[in-house]
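Peer 1: The structure is given below, and queries will be raised subsequently.
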Amino acid sequence: MVKSKVSKIKTIEEVKINFAAIEKKWQKKWEEGKIFEVSEKSKKKKFYCLEMYPYPSGSGLHMGHAFNYIIGDIQARFRRMQGFNVLHPMGYDSFGLPAENAAIREGVHPQEYTDTAIKNYIKQQKMLGLSYDWTRILWSHNPEYYKWNQWIFLKMLKKGLAYRKNASVNWCAKCNSVLANEQVHSGKCWRHEDVEVEIKHIEQWFLKTTAYAEELLMNENNLDWPNRIKSMQENWIGRSEGTEIIFEVNKAKWPVFTTRPDTLFGVTFLVVSAQHSKLMELVTAKQKKEVESFLKKIKSTSEKDAIDLEKQGVFTGSYAIHPLTKEKIPVWTGNFVIADYGSGMVMAVPAHDQRDFEFAKKYKIPIKVVIDPIDQKISSNTLKEAYTGPGNLMNSEGFDDLASPEAKDHITKALEFKKLGKKSVQYKLRDWLVSRQRYWGTPIPVIYCDKCGIVPVSEKDLPVELPKKVKFGKGNPLETNKEFVNVNCPNCKGKARRETDTMDTFFDSSWYYLRYADAKNKKMPFDSKNAEYWMPVDFYTGGAEHACMHLIYARFFTKVLRDLGLIKLDEPFKKLFNQGMVHKDGVVMSKSKGNVVLPEEVSNKYGIDTARLFLMAIAHPSKDIEWSENGIDGSSRFAMKVFDYFNSIKISKSSNKVEHKINSAIKSVTNNLESIDYNIAIIKLRELFDFLSTEKEISKKDSESAIKMLSPFCPHISEELWEKIGGKGFVSLAEWPEADESKIDEKFEKAEKDLDKTVSDILNVLKIVKEKSGEEGEKVYLYVIPNELGNYDISFLTKRVGKEVKVFAVNDKKKYDPQGKASKAKPGKPGIYIE
Ligand code: ANZ
Ligand code: ZN
Ligand code: ZN
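Read in order, the letters of the sequence shown are residues 286 to 1120 in the working numbering.
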């Protein structure tokens, strides 16, 4: 027995080689059978399973990337077997900077570079056994795809949702391009950690995401998304309720936005942003020089960084009139006020705002306490820091003694009455800057005419194709193709100039999930009926780094397309899942770290199914995991065991215990797959096969169920075993087993536990006997409650204990029991005697 096991382990090498053959065999059969292709004409319920639109990196796909696709694939396979019509598509986010940079670096055209990368990516993904409907494949640089980017852009232009304005933009000198705010990470380019982002002023295209700010708020919907991502989006949108208060300066009205109208009587100065377009209107002749030198001193910085800067400012020379006290209040300009948040001017209350406090201390501006914290006494002279908490109002004329929350209402009402203020909601969200001065993206479909201004390209002339012939190196390559640039105005036919800006690639990934619903449509971006059948995406997996860009943009697009009448849908992604990162040697697997493991190596060395199993077994798929040879060896042994099991079983009838084990496994594996607890499902499957390999017989149905459960994780092996036991068709399309509750009997689990406990009791007693008498016990006698007799398998016990074991029922007249230990037996706990 023991010997034959050893010899079996030795054959692993052989069987491993077979794995590669098995993978190829089934991948070919799946493809020939077109079994993962789907149609919307099905009567089944749909399930849309999607992994985030990948960028086809030139260096190919490694097992870190694979993790994400496998998580999605397991879900897709499971739902397909559950009887859903599963859409599981793949495509490539193929526009973007890396291809263009490669063109500059290596002299290959971005198109060739990208096409090669995609081909390689497809080959590698097929190797992983992913169950995609390849007929719906997309790639962004396909004119058949980006034509619809242009179409959607023109619709947005018509609706005023796309517009052009002069903007101070973030500029990365290395990218040689504008960056979106989201692409600036603490003052540096998101791709170039060594590049300080500069500010430039140019005309740019924007999409009006702010028009949907309220609807984009995450607490308003009940999507099944990680809370972390929901709150990141909340913060990004940054809704703030407050009051807009009007101060008069030099006869002009200057609104300020405040969340603390209750502190209105504590205002001792106003601060206008140093980047405010009307700043100079406030600066008096006397202060002009000082303000100008101040402006020179503070180098322009991006919005978010303004917060961390040292607060600096200078007096403008002007005074505002307080709306209620009519006092004169000095107006300063400062570097910490954001030009395009609120009105770009703030009322400063140094006693109750820390930033204002520091500024007042620095420039010796008076401090006036107007909120009494109740449990402590504070005064303007002794204040060490601002008191920002709530309290009762003081020094606030008719509002004294009101608690701050009520005071907010009362003061706002008083201002409303005098037409000097109103309730107001502000959002941190900014409109999305979508134009890029780069080549490898969708051309923005407009033409500039000196006479007619901005003229949209007419729909029938779409797509505006990217010209292949351009020069790379400096600035925007599109400007180097004169045929592309010099055109006639569609309106007056006069000489005109084509827009050379291209779209941010996030435009491409904002609606691709809708195109999959109808990927070959030549008349429309997608057919509404098809999109309505498939949408929303039921399971969307991807990295948490997309919390604030891709996911907000995609939600925005869905709402815009809804309002354009293309689809009846508010939210595109019902469930969002963020996978963990795959590490190797303690660091994230990546080309730059030089620690990548490629699918082709894995397939040859261990088999892809083994790797799929291993990746999902280590931890919950939302957790970071470490790739290890030891771990994958463990999975490999399990795969072997399953293979061995099906090689040696006799298909006949299942014992009650086998039925119990199978049905309780079905029950939990099904739940685990539904809740994405893949690692728990694998534990159950391991337990199941550990048990099954001790049994000789199993029914056809139960053996099929076992293979079916394995199939989402190990699809190739499962097909092979399915064929071996004479299963019908593909197991990939077989019906998911249903647990028969009547076959689940917890007494089996209890008996097993009792048996384990008994083994450890026996070992204990043996130890005690040896300690006491100095002699090894040789024979073990067990006395069990009569109806439990069947639970104590003598050969099993003998093997575990390593001694001769005899089992008697307590009421057995012929039992050997010299010390009357039978009387000690309890249910689940036999009496023990050792000789
Ligand atoms: C007076 C005040 C008193 C304020 C006080 C706070 C505390 P959130 O919640 O982020 O919306 N503010 C308004 N516009 C600003 C701008 N353009 N740049 C920088 N700060 C600006 O913050 C709103 C608060 O931020 C407003 O309330 C205003 O300061 C400041 F004890 O007004 B507060
Ligand atoms: Zn850069
Ligand atoms: Zn014209």
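Quick reminder that beta carbons are idealized off the backbone N, C-alpha and C, glycines included.
According to DSSP, is residue 812 part of a helix, a strand, or is it coil?
Peer 2: Residue state, collapsed to three classes: coil.
Peer 1: Under 7 angstroms from any heavy atom of ligand 5, does the C-beta of residue 470 make it?
Peer 2: Among the ligands present in this structure, namely ligand 1, ligand 2 and ligand 3, ligand 5 is not found.
Peer 1: Would you say the beta carbon of residue 772 is closer than 7 angstroms to some non-hydrogen atom of ligand 2?
Peer 2: It does not: the Cβ of residue 772 is nowhere closer than 7 angstroms to a heavy atom of ligand 2.
Peer 1: Say the cut is 7 angstroms; is the CB of residue 737 nearer than that to a heavy atom of ligand 3?
Peer 2: At least one heavy atom of ligand 3 is nearer than 7 angstroms to the Cβ of residue 737, so yes.
Peer 1: Helix, strand or coil: how does DSSP classify residue 520 here?
Peer 2: Residue 520 falls in the helix class under three-state DSSP.
Peer 1: Is residue 779 near ligand 3, going by C-beta to nearest heavy atom under 7 angstroms?
Peer 2: The answer is yes for residue 779.
Peer 1: Return the residue from the list 785, 315 and 832 that minimises the CA-CA distance to residue 771.
Peer 2: Nearest of 785, 315 and 832 to residue 771, Cα basis: 785.
Peer 1: Mapping DSSP to helix, strand and coil, what is residue 596?
Peer 2: DSSP places residue 596 in coil when its eight states are reduced to three.
Peer 1: May I ask you to list the residues that DSSP assigns as paired with residue 717?
Peer 2: 492, per the DSSP bridge assignment.
Peer 1: Threshold first: 3 residues or longer. Then list the beta strand (DSSP E) segments lying entirely within the region 534-594, N to C.
Peer 2: Runs found: 537-543 and 554-558.
Peer 1: Is residue 477 near ligand 2, in the sense that its beta carbon is under 7 angstroms from a heavy atom of that ligand?
Peer 2: Checking the Cβ of residue 477 against ligand 2 gives yes.
Peer 1: Give a yes or no on whether the C-beta atoms belonging to residue 384 and residue 398 are separated by under 8 angstroms.
Peer 2: Taking 8 angstroms as the Cβ cut-off, residue 384 and residue 398 qualify as a contacting pair.
Peer 1: With distance defined between alpha-carbon atoms, name the residue in 899, 483 and 490 nearest to residue 451.
Peer 2: Among 899, 483 and 490, the Cα nearest to that of residue 451 belongs to 490.
Peer 1: Helix or strand or just coil, what does DSSP make of residue 1050?
Peer 2: Correct three-state label for residue 1050: helix.
Peer 1: So, do the region 567-577 and the region 654-667 have three or more beta carbon pairs nearer to each other than 8 angstroms?
Peer 2: Verdict: no, contact absent.
Peer 1: Taking the beta strand (DSSP E) that residue 621 falls in, what are its first and last residues?
Peer 2: Segment: none, residue 621 is in no beta strand (DSSP E) and carries neither H nor E.
Peer 1: If you reduce the DSSP assignment to three classes, tell me which class residue 449 lands in.
Peer 2: Looking at residue 449 - three-state DSSP - the assignment turns out to be strand.
Peer 1: For residue 791 and residue 834, I'd like the C-alpha separation in whole angstroms.
Peer 2: Approximately 8 angstroms between the Cα atoms of the pair.
Peer 1: Less than 7 angstroms between the CB of residue 485 and some heavy atom of ligand 2, yes or no?
Peer 2: No, since every heavy atom of ligand 2 falls outside the 7 angstroms radius drawn around the Cβ of residue 485.
Peer 1: Could you name the residues of the same chain whose beta carbon sits closer than 7 angstroms to that of residue 492, not counting the 5 residues immediately before and after it, in chain order?
Peer 2: Answer for residue 492: 441, 446, 447, 716, 717 and 719, listed in chain order.
Peer 1: Apart from the five residues just before and just after residue 831, which ones in its own chain have a Cβ nearer than 8 angstroms to its Cβ?
Peer 2: If we look at residue 831 and ignore the five residues flanking it on each side, its Cβ neighbours are 337.
Peer 1: Could you compute how far the alpha carbon of residue 979 sits from the alpha carbon of residue 905?
Peer 2: Distance between the alpha carbons of residue 979 and residue 905 is about 29 angstroms.
Peer 1: Report buried or exposed for residue 1101, applying the criterion of at least 16 other Cβ atoms within 10 angstroms of its Cβ.
Peer 2: Answer is exposed; the Cβ neighbour count stays below 16.
Peer 1: For the region 530-542 against the region 863-880, are there 3 or more C-beta pairs whose distance is under 8 angstroms?
Peer 2: At 8 angstroms Cβ cutoff, the stretches do not touch.
Peer 1: Suppose you measure from the CA of residue 371 to the CA of residue 333; what does that come to, to the nearest Å?
Peer 2: Going by the C-alpha atoms only, they are around 6 angstroms apart.
Peer 1: As a quick exercise: from 1107, 1064, 1105 and 1094, pick the residue whose alpha carbon is nearest that of residue 1086.
Peer 2: Considering only alpha carbons, the answer is 1064.
Peer 1: Label residue 570 either buried or exposed according to how many other C-beta atoms from any shown protein chain fall within 10 Å of its C-beta, with 16 as the threshold for buried.
Peer 2: When all chains shown are included, residue 570 counts as exposed.
Peer 1: In terms of alpha-carbon separation, which member of 361, 1075 and 419 lies closest to residue 1035?
Peer 2: When each option's Cα is compared against that of residue 1035, the closest is 1075.
Peer 1: Here's the rule I'm using: 16 or more other beta-carbon atoms within 10 Å means buried, otherwise exposed. How should residue 535 be labelled?
Peer 2: Residue 535 should be labelled exposed.
Peer 1: Where do the N-terminal and C-terminal ends of the beta strand (DSSP E) with residue 1067 fall, by residue?
Peer 2: 1064-1069 is the span of the beta strand (DSSP E), which, as asked, contains residue 1067.
Peer 1: Going by CA-CA distance only, name the one from 674, 1083 and 995 that's closest to residue 359.
Peer 2: The candidate whose alpha carbon is nearest that of residue 359 is 995.
Peer 1: If we ignore side chains and look at the alpha-carbon of each, how far apart do residue 516 and residue 508 end up?
Peer 2: If I take the Cα positions, the gap works out to 13 angstroms.
Peer 1: Residue 961: which of 925, 907, 1103 and 920 sits nearest, CA to CA?
Peer 2: Ranking the options by Cα distance to residue 961, first place goes to 907.
Peer 1: Below 6 angstroms CB to CB, which residues in the same chain sit around residue 540 once its five sequence neighbours on both sides are set aside?
Peer 2: Only 529, 531 and 628 meet the Cβ criterion.
Peer 1: Pick out whichever of 430, 550 and 736 has its Cα sitting closest to the Cα of residue 680.
Peer 2: Out of 430, 550 and 736, 550 has the C-alpha closest to the C-alpha of residue 680.
Peer 1: Residue 777: buried (16+ other C-beta within 10 angstroms of its C-beta) or exposed?
Peer 2: Residue 777 should be labelled exposed.
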